[in-house]
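A.B. asks:
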Amino acid sequence: MSDIKNLGESFLKSRLGDDLCSILEDENIEEIMLNADGSVFIEARGCGMHKAMSLDALRSQSIIRTMATFFNTEINAQNAIVSGHMPFYNARFEGVLPPLVKAPCFSIRKHGSLSLSLEMLKDNGMLTDRQLEILCKALSDRRSVIICGETSSGKTTLVNAMLNELLTIAPYDRLLLLEDTPELTLSCDNHICLYANDASDMSALVRQALRLRPDRIIVGEVRGAEALDLIDALSTGHSGGLCTLHAGSIEQALMRLVLLISRHKSAPRLIEPFLTQALDLIVILKTRPVRHIADIACVTGYDNGRFIYHSIV
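So in the UniProt record's numbering, spot 47 of the sequence shown is number 47, and the numbers just go up one at a time.
1. So, with DSSP's three-state summary, where would you put Phe71?
2. On the three-state DSSP scale, how would you describe Phe307?
3. Considering only C-alpha positions, which residue in the set Ala209, Leu166, Ile146 is nearest to Cys188?
4. Contact criterion: CB-CB distance below 8 Å. Does His264 meet it with respect to chain B?
5. Check Ile4 in the structure and name its three-state DSSP category.
6. Would you call Thr168 buried or exposed, if buried means 16 or more other Cβ atoms sit within 10 Å of its Cβ?
7. Work out the CA separation of Val299 and Lys13 for me, nearest whole Å.
8. Quick check: the Cα distance between His310 and Asn197, rounded to an integer number of angstroms?
9. Which class does Lys110 belong to by DSSP, given the choice of helix, strand or coil?
10. Would Glu25 be called buried (16 or more neighbouring beta carbons within 10 Å of its own) or exposed?
11. Mind checking whether Met202 and Leu186 have CB atoms under 8 Å apart?
12. Pick helix, strand or coil for Thr181, following the three-state DSSP scheme.
13. DSSP three-state label for Cys47, please.
14. Following the continuous alpha helix (DSSP H) through Arg207, name the residue where it begins and the one where it ends.
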C-alpha cells in the first residue's frame with residue numbers, strides 16, 4: 001500500500017511540474033492561484049500576493065484532470081469542480097473547468113507544517129498581550145469560542161495555536177476534531193479526527209462526536225445546518241469548544257449563525273435566545289495592514305430584537 005501511495009505521489013508531482021512543485025515546497029508560500037488567463041499568483045507569508053508565472057490552458061487542464069484522478073473524482077460538463085486534500089504538501093486543492101469558467105482555474109491552499117503557539121502569534125503581531133491573556137483564560141475556563149474572519153485571515157492558524165495552548169492548560173482533555181478536509185493539527189494524545197463526506201455530513205459528525213465521550217468539540221468550519229447541532233452540544237454540557245466561521249464582524253457572525261441554524265429541519269422557533277445560551281466569545285480577525293485580532297466580544301443575551309454583547313479588548 002505504501003508503494004502504491006508513493007507511486008501516485010510521484011506521478012502527481014511529475015504532472016504538476018518542477019516549477020509548481022518548487023513553489024509548493026517553499027515553506028513561506030501559503031497559496032497558489034491560477035486564473036483563467038493563465039496567470040499564476042502566489043501569496044507568501046509576510047510578502048503579500050504577486051504574479052509568479054504563467055500556465056497554458058492545456059497544461060492547466062491536465063493538472064486539474066490529474067488531481068481528479070488522484071482524488072477519485074469523476075469530472076465532466078455536469079461536474080466540473082475538483083476538490084481534495086494533497087497530503088504530501090498538506091494542502092487543499094480546488095480546481096474548476098469549463099463550462100463553469102472560460103479556462104481552467106485552480107487554487108492550492110497550503111496549511112503550514114509549523115504549528116505556532118499563541119506566544120509566537122503575539123510576537124508576529126497577530127494579537128496583543130491582553131488578547132493573549134483573554135484567549136488563555138477562555139480555554140482555562142472552558143469558554144466556547146468562535147473564530148471569525150474572511151478567507152486567509154488566519155482563522156486556522158489561530159485555532160491551531162489555541163489547540164497547542166490546550167496541551168498546557170488541559171493536557172488530559174479528550175478532543176473530537178470535525179472537518180471537511182484536514183487542516184487543523186492536534187498534538188495531544190487523546191483525540192479523534194472525524195472527516196465529513198457525501199454519506200456523513202457535518203451534522204452527522206457532531207452527533208457522532210457526542211457518542212465518543214468528548215471533553216471538547218472542535219469544528220474546523222461551520223458553514224451549514226450543523227450550526228444547530230454544534231450550538232446544542234455546547235449548551236448541554238460540552239462547553240469549551242472551538243470553531244471557525246466566515247464573518248467580518250460580531251454582528252455578522254451572530255446573524256450568519258442564525259441563518260445557518262434556520263436551515264436545520266429541527267431549528268427552534270426562537271433561534272436568537274437559544275444561540276446566546278451557548279456562545280461565550282466571538283473573535284474577529286482582519287487582514288490589513290497585517291493579520292490581527294480586531295475584536296473579541298462577549299455575548300450576554302438577546303433583547304428587543306438585538307443581540308447584547310460587548311467588546312472586552
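Built from N, CA and C at the ideal position, the CB exists for glycine as well.
Bear in mind that the values here come from a model prediction, so they are computed numbers and not experimental data.
C.D. replies: From the atom records:
1. Indexing the sequence shown from 1 puts residue 71 at position 71. Residue state for Phe71 is assigned as coil, using DSSP reduced to three classes.
2. Counted from its first residue, the sequence shown places residue 307 at position 307. Here Phe307 sits in strand by DSSP.
3. The residue labelled residue 188 in the question sits at position 188 within the sequence shown. Nearest C-alpha to Cys188: Leu166.
4. In summary, chain B is missing from the structure at hand, where a single protein chain is found.
5. Working through the sequence shown from its first residue, we reach residue 4 at position 4. Note that Ile4 has pLDDT 42, beneath the 50 cutoff, so the model's placement of it is unreliable and the number below is only indicative. In the structure shown, Ile4 sits in a helix (DSSP, three-state: H, G or I).
6. By 1-based counting over the sequence shown, the position of residue 168 is 168. Exposed: under 16 other Cβ atoms inside 10 Å.
7. Against the sequence shown, residue 13 aligns to sequence position 13. Against the sequence shown, residue 299 aligns to sequence position 299. The alpha-carbon atoms of Lys13 and Val299 are separated by roughly 48 Å.
8. The residue given as residue 310 occupies position 310 in the sequence shown. The residue given as residue 197 occupies position 197 in the sequence shown. In this structure, the straight-line span from the alpha carbon of His310 to that of Asn197 is close to 37 Å.
9. Locating residue 110 in the sequence shown gives position 110, where the first residue counts as 1. Looking at Lys110 - three-state DSSP - the assignment turns out to be strand.
10. Within the sequence shown, numbered from 1, the residue matching residue 25 stands at position 25. Classification of Glu25: exposed, given that the 10 Å Cβ count is below 16.
11. Translated into the one-based positions of the sequence shown, residue 202 becomes position 202. Translated into the one-based positions of the sequence shown, residue 186 becomes position 186. It is not a contact, given that the beta carbons lie outside the stated cut-off.
12. Here the question's residue 181 lines up with position 181 in the sequence shown. Of the three classes helix, strand and coil, the one that applies to Thr181 here is coil, per DSSP.
13. In the sequence shown, residue 47 corresponds to position 47, counting from 1. Assigned with DSSP and collapsed to three states, Cys47 falls in coil, not helix or strand.
14. Locating residue 207 in the sequence shown gives position 207, where the first residue counts as 1. Here the alpha helix (DSSP H) through Arg207 covers 202 to 210.
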